[in-house]
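Enquirer: Numbering (our numbering), first residue to last: -16 to 684.
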Amino acid sequence: MMIANQSLHSSIQSAKTGIQTLNQISHVDDQFPDLGDALSQHSPMQYAPTLDSITQTIIAASTFTMPVAALEMVQKRGPNEPAGLLTDIHRAYFVVKNKLYLWNYNERQEHNVYEEEYDIVAVGLCKPRPDLFAKEITHVLIIATTRTVNIIALQYKCDANLTDSLVFYKTNIFTNVDIRMRSILGTPTGRVFMLGDDGNIWELFYQSEDGWFTKGCYKKLLTNSMGFFQFGAERYIGMELSQDGHVLYQLTDSSMIDVIDLGERGEDYRFICTNKNIRQDASMLQTTSMHFTPSNFKIQSIYATGPSESARYQLVAVTTLGCRLYLTNNVKENRPTGLALCFVRTPPVLDSQPSTPSTPSALIQKSLYSNGSFITVTEANQAHTLYTMSPDMATLAQLGGRFYLCDLVNQQAIPEPVLAMTEMSSTPFKLNELALAVTEPKRQFLLLTATGLTLLIKQRPIDMLYNLIVRAGPRFSSQTPEYQAFLQQYGPIQVSALCYGLIACTEPALPPTRDLFAQPNGLLALSTIASKVAFDLLTQLGHQSGLIPCGNGQTYSSRHDGLALYIHRLIRPIWSQPLFKSALVNKQKKYETAISRSQLNSIQQSLRKLHAHLQLNQLDPHSPEQLSTQHLDDLIKAMVNVITLAITVIDKDLGAQLKTFPIGSEDKIMALTYSSVLMTFEGSACAQDLAGDDIRYLFHA
């Protein structure tokens, strides 16, 4: 039986009412600034210490010791011999003379040794040049010795359980050198840049065999061919590649930075500019700081940033005293046109680290800037201190243009020097951690020392709330100072949304046992206590005013607005996306859901848990808040049904079904989105026809 127009109209109107409520709260996330916006605001407090490990943004989660054989060898490593982390192949490495040791930190006990004829001075893991090797080759390992630069082909495989294999292939591609390379950097298109101890930057060219006029492998000097510097006038000490691989930044010993445009396809090398006045510009922005005097100022390292962090800057330079300098390359039509300093952030001064304007903080040994988080290691009197800094989500989330950037900072003593640091990224970076689903992976950082690895975890607000609840257990009270401070920091609406996130969380699968660093994608198992406490907190938050007006000059409660905000965050990633997509496979069109099955299942399961909670905890049925909550619940049920429709139609072979439809139907069906199915008569009718008799019940009001 076809669904009556009246029934369709009722369903559409209910969905529109629910969406209208979501739109009234969506500005909470829509107005969330990027870090450049926050840096441009006056900050009453640049740093805030976090003393309680539960509310610290970056915490040490695990420490792993190298196998005994590797541990014995790393103790023989010289202070200037290379060491680092190759996260693409899950290996840590260190060099002892002419031997390269690769430690598989997932397997923990396994390590490989690669031996060269001469002492190894630099190691780089790069993408292979296209169409040069067999398709099984995933990476090339560039090994620079005192006499040669060699290219080793790698075949790396890793399954879902993180059981991996790494096979080395000698290519006999090498070039002789009379310069010690200090670092090696590869681009997504397979180009290789090398920084030599002569203070110059070189490019490594290689092919399978010698050509008529060129060798199969050779290096080309880049920094002497720009015509701007005379050879030897400026020594280069660092280089950094933009995230898209289209811009190369070159750092000199005198704290100048070059901008090199590699072109839209990453195949050029075009000098754009040099910023020679970074110190003077920083001094003008921080007129009272002693960090920018000629004797105190030196840029130690540079880090490229991406648009997910901010569109206002593309590079962060870090000085030896821990200052952060934010620079923009003045992008026009996707190409860099210059380099200008736009923001400056001096290091924190903590109680245990006395410092005055005339005596800046200690020199940093190592630093890492990644997606807004900043980690440094300092040494004083043979004691090593780790500092971690990350943006406070609460100050960024303040509404009405009152946001600013305050970094939450923590320090802790560490027993030994850090050889290398990096972030292990598995998903695209999202700045607004308040909007992250519980099931999304946490950010992870690796620290390599002379004895093993330390794993740092980035805690999100929902992790902090969960930890507060779990630590107290059955004795949890909303009147505890810790919770009251958390509520004061984030506000009742955000805390309500986090509580709904805990209640609707689906238990993720246990992590693979072979992955030493695997953390549950969210919270491994939400205890009954955690769910009950979240419910009790929501009951109390129901007495605090929210933002959405409900008539007569009144607003709904924070509990209601938190529910709307949580639903908005849950369905927003798929709301405007198509239900289906197609691709040619072996010259045949194959259909599948446009959103991955795993993401659809996760969203659907959370929606179902949320619906069950709302059904068991209904308010006064005659109150405006309960009426609005009912519309939100109707929207939840409708989204669950549309997800079921998308999955079921694919499982029933959409391609075969389309052959029975009238000409022109495919375009309409492929244009269906989750929003159009729920909010338009045409979309609802099309989806209902597509459903078939067995699942047509989904569209009954």
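Where a beta carbon is used, it is the ideal one built from N, C-alpha and C, also for glycine.
Helix, strand or coil, according to DSSP, for ASP616 in the structure here?
Expert: Numbered from 1 along the sequence shown, position 633 holds the residue referred to as residue 616. ASP616 falls in the helix class under three-state DSSP.
Enquirer: Could you tell me which of GLN226, ILE72, TYR483, THR172 sits nearest to ASP544, measuring between CA atoms?
Expert: Your numbering for residue 544 matches position 561 in the sequence shown. For ASP544, the nearest C-alpha among the options comes from TYR483.
Enquirer: Do the region 396 to 416 and the region 289 to 300 make contact, defined as three or more Cβ pairs closer than 8 angstroms?
Expert: Enough Cβ pairs lie closer than 8 angstroms, so yes.
Enquirer: Since ILE135 and LYS110 are thought to touch, with beta carbons under 8 angstroms apart, how far apart are those beta carbons, to the nearest angstrom?
Expert: As a first step, residue 135 must be located in the sequence shown, where it is residue number 152. As a first step, residue 110 must be located in the sequence shown, where it is residue number 127. With 8 angstroms as the limit, ILE135 and LYS110 do not qualify as a contact, their Cβ atoms being about 14 angstroms apart.
Enquirer: What number of angstroms, rounded off, separates the C-alpha of GLN348 from the C-alpha of PHE428?
Expert: Here residue 348 refers to the residue found at position 365 of the sequence shown. Here residue 428 refers to the residue found at position 445 of the sequence shown. Spanning the two alpha carbons is a distance of roughly 17 angstroms.
Enquirer: Nearest-angstrom Cα distance between THR643 and TYR574?
Expert: Numbered from 1 along the sequence shown, position 660 holds the residue referred to as residue 643. Numbered from 1 along the sequence shown, position 591 holds the residue referred to as residue 574. Cα to Cα, THR643 sits roughly 16 angstroms from TYR574.
Enquirer: Tell me the rounded alpha-carbon separation between THR235 and GLU223.
Expert: Against the sequence shown, residue 235 aligns to sequence position 252. Against the sequence shown, residue 223 aligns to sequence position 240. For THR235 and GLU223, the distance between alpha carbons rounds to 12 angstroms.
Enquirer: How would you write the range of the beta strand (DSSP E) that ARG253 sits in, first residue to last?
Expert: In the sequence shown, the residue the question calls residue 253 occupies position 270. Start and end: 253 to 258.
Enquirer: Per DSSP, CYS200 is paired with what?
Expert: Here residue 200 is taken as the residue at index 217 of the sequence shown, counted from 1. Note: CYS200 sits in a beta bridge opposite TYR189.
Enquirer: DSSP three-state label for MET407, please.
Expert: Locating residue 407 in the sequence shown gives position 424, counting from the first residue. Of the three classes helix, strand and coil, the one that applies to MET407 here is strand, per DSSP.
Enquirer: Helix, strand or coil: which one does DSSP assign to GLN233?
Expert: Translated into positions along the sequence shown, residue 233 becomes position 250. Strand.
Enquirer: Just curious, the beta strand (DSSP E) that VAL314 is in, first and last residue?
Expert: In the sequence shown, residue 314 corresponds to position 331, counting from 1. No beta strand (DSSP E) contains VAL314, which DSSP labels as neither H nor E.
Enquirer: Please say whether GLY221 and ILE285 have beta carbons closer to each other than 7 angstroms?
Expert: Sequence index remark: in the sequence shown, residue 285 carries index 302 (1-based). Sequence index remark: in the sequence shown, residue 221 carries index 238 (1-based). In contact: ILE285 and GLY221 (Cβ atoms closer than 7 angstroms).
Enquirer: Under the assumption that ILE476 contacts LEU548 (Cβ atoms under 8 angstroms), give the Cβ distance between them as a whole number of angstroms.
Expert: For the purposes of this step, residue 476 is taken as residue 493 along the sequence shown, with counting starting at 1. For the purposes of this step, residue 548 is taken as residue 565 along the sequence shown, with counting starting at 1. 6 angstroms between Cβ atoms; contact.
Enquirer: Can you give the Cα-Cα distance for GLN269 and VAL327, rounded to whole angstroms?
Expert: Sequence index remark: in the sequence shown, residue 269 carries index 286 (1-based). Sequence index remark: in the sequence shown, residue 327 carries index 344 (1-based). Their Cα atoms are separated by approximately 8 angstroms.
Enquirer: How many angstroms separate the CA atom of SER585 from the CA atom of GLU316?
Expert: Taking the first residue of the sequence shown as 1, we reach residue 585 at position 602. Taking the first residue of the sequence shown as 1, we reach residue 316 at position 333. Taking the straight line from one Cα to the other gives about 38 angstroms.
Enquirer: Please list the segments of the beta strand (DSSP E) lying wholly inside the region 413 to 492, counting only runs of 3 or more residues, in order along the chain.
Expert: Runs of the beta strand (DSSP E) inside the region 413 to 492: 427 to 432, 435 to 441.
Enquirer: If contacts are defined as beta-carbon pairs under 8 angstroms, then LEU324 and ASN312 qualify, I think. What distance do you get, rounded to the angstrom?
Expert: Taking the sequence shown and counting its residues from 1, one reaches residue 324 at position 341. Taking the sequence shown and counting its residues from 1, one reaches residue 312 at position 329. No, LEU324 and ASN312 are not in contact; Cβ-Cβ is about 11 angstroms, not under 8 angstroms.
Enquirer: Answer yes or no: do PHE706 and ARG60 have a C-beta to C-beta separation smaller than 7 angstroms?
Expert: Limits of the chain in this structure are -16 at one end and 684 at the other, which puts residue 706 out of reach.
Enquirer: THR277: which of THR271, SER266, ALA577 sits nearest, CA to CA?
Expert: To locate residue 277, count along the sequence shown from 1; it is residue 294. The residue you asked about is not Thr; residue 277 is Pro in the sequence shown. Closest option to PRO277, Cα to Cα, is SER266.
Enquirer: Can you tell which of ILE8, ILE633, HIS(-8), THR0 has its C-alpha closest to the C-alpha of ARG552?
Expert: Here residue 552 refers to the residue found at position 569 of the sequence shown. When each option's Cα is compared against that of ARG552, the closest is ILE8.
Enquirer: Identify which residue in SER238, LYS203, LYS592, GLN537 has its Cα closest to the Cα of ASN687.
Expert: Beyond the ends of the chain as shown, which are -16 and 684, falls residue 687; an answer cannot be given.
Enquirer: Please work out which residues of its chain come closer than 6 angstroms, Cβ to Cβ, to LYS592, disregarding the five sequence neighbours upstream and downstream, and give them in chain order.
Expert: Taking the sequence shown and counting its residues from 1, the one referred to as residue 592 is at position 609. If we look at LYS592 and ignore the five residues flanking it on each side, its Cβ neighbours are ALA487.
Enquirer: Go through the region 257 to 296 residue by residue and report every complete run of the beta strand (DSSP E) that reaches 3 residues or more, in order.
Expert: Entirely contained in the region 257 to 296, the beta strand (DSSP E) runs reaching 3 residues are, in chain order, 282 to 287.
Enquirer: When the Cα atoms are used, what is the spatial distance from ASP617 to HIS(-8)?
Expert: For the purposes of this step, residue 617 is identified with residue 634 of the sequence shown, where counting begins at 1. For the purposes of this step, residue -8 is identified with residue 9 of the sequence shown, where counting begins at 1. Those two C-alpha atoms are separated by around 14 angstroms.
Enquirer: Looking at the secondary structure, which residues open and close the alpha helix (DSSP H) in which TYR657 lies?
Expert: For the purposes of this step, residue 657 is taken as residue 674 along the sequence shown, with counting starting at 1. Looking at the DSSP string, the run of the alpha helix (DSSP H) that includes TYR657 is 657 to 662.
Enquirer: Classify SER166: buried if its beta carbon has 16 or more other beta carbons within 10 angstroms, exposed otherwise.
Expert: As a first step, residue 166 is located in the sequence shown; it is residue number 183 there, counting from the start. Label assigned to SER166: buried.
Enquirer: How about LEU388 and LEU22: are their beta carbons less than 7 angstroms apart?
Expert: Along the sequence shown, read from residue 1 onward, the residue named residue 388 stands at position 405. Along the sequence shown, read from residue 1 onward, the residue named residue 22 stands at position 39. Yes, these two residues count as a Cβ contact at 7 angstroms.
Enquirer: Since SER743 and LEU524 should fall inside the 8 angstroms C-beta cutoff, what is the C-beta to C-beta distance between them, to a whole number of angstroms?
Expert: Only positions -16 to 684 of the chain appear in the structure, and residue 743 is not among them; the question remains open.
Enquirer: Pick helix, strand or coil for LEU324, following the three-state DSSP scheme.
Expert: Counting from 1 along the sequence shown, the entry for residue 324 is found at position 341. Reduced to three states, the DSSP call for LEU324 is strand.
Enquirer: Can you name the residues that DSSP bridges to ARG307?
Expert: Locating residue 307 in the sequence shown gives position 324, counting from the first residue. Paired residues: VAL301, ARG328.
Enquirer: Have a look at PHE459, ALA670, THR489 and flag the residue whose alpha-carbon is nearest the alpha-carbon of GLN582.
Expert: Here the question's residue 582 lines up with position 599 in the sequence shown. The shortest C-alpha separation from GLN582 is found at THR489.
Enquirer: Taking the C-alpha atoms as reference points, what is the distance between ALA420 and LYS259?
Expert: Within the sequence shown, numbered from 1, the residue matching residue 420 stands at position 437. Within the sequence shown, numbered from 1, the residue matching residue 259 stands at position 276. Between ALA420 and LYS259, the C-alpha separation is close to 44 angstroms.
Enquirer: Using a Cβ-Cβ cut-off of 6 angstroms (strictly less than) and excluding sequence neighbours within five positions of PHE212, which residues of its own chain qualify?
Expert: For the purposes of this step, residue 212 is taken as the residue at position 229 of the sequence shown. Unreliable positioning characterises PHE212 in this predicted model, as indicated by a pLDDT of 47, which lies under 50. The coordinate reading is nonetheless provided below. Answer for PHE212: no residue qualifies.
Enquirer: Looking only at C-alpha atoms, which of LEU168, VAL453, MET56 sits nearest to HIS122?
Expert: Residue 122 sits at position 139 when you count from the first residue of the sequence shown. Of the candidates LEU168, VAL453, MET56, the one whose C-alpha sits nearest the C-alpha of HIS122 is LEU168.
Enquirer: Roughly how many angstroms separate the alpha carbons of THR359 and ILE72, rounded to a whole number?
Expert: For the purposes of this step, residue 359 is identified with residue 376 of the sequence shown, where counting begins at 1. For the purposes of this step, residue 72 is identified with residue 89 of the sequence shown, where counting begins at 1. Rounded to the nearest angstrom, the two C-alpha atoms are 25 angstroms apart.
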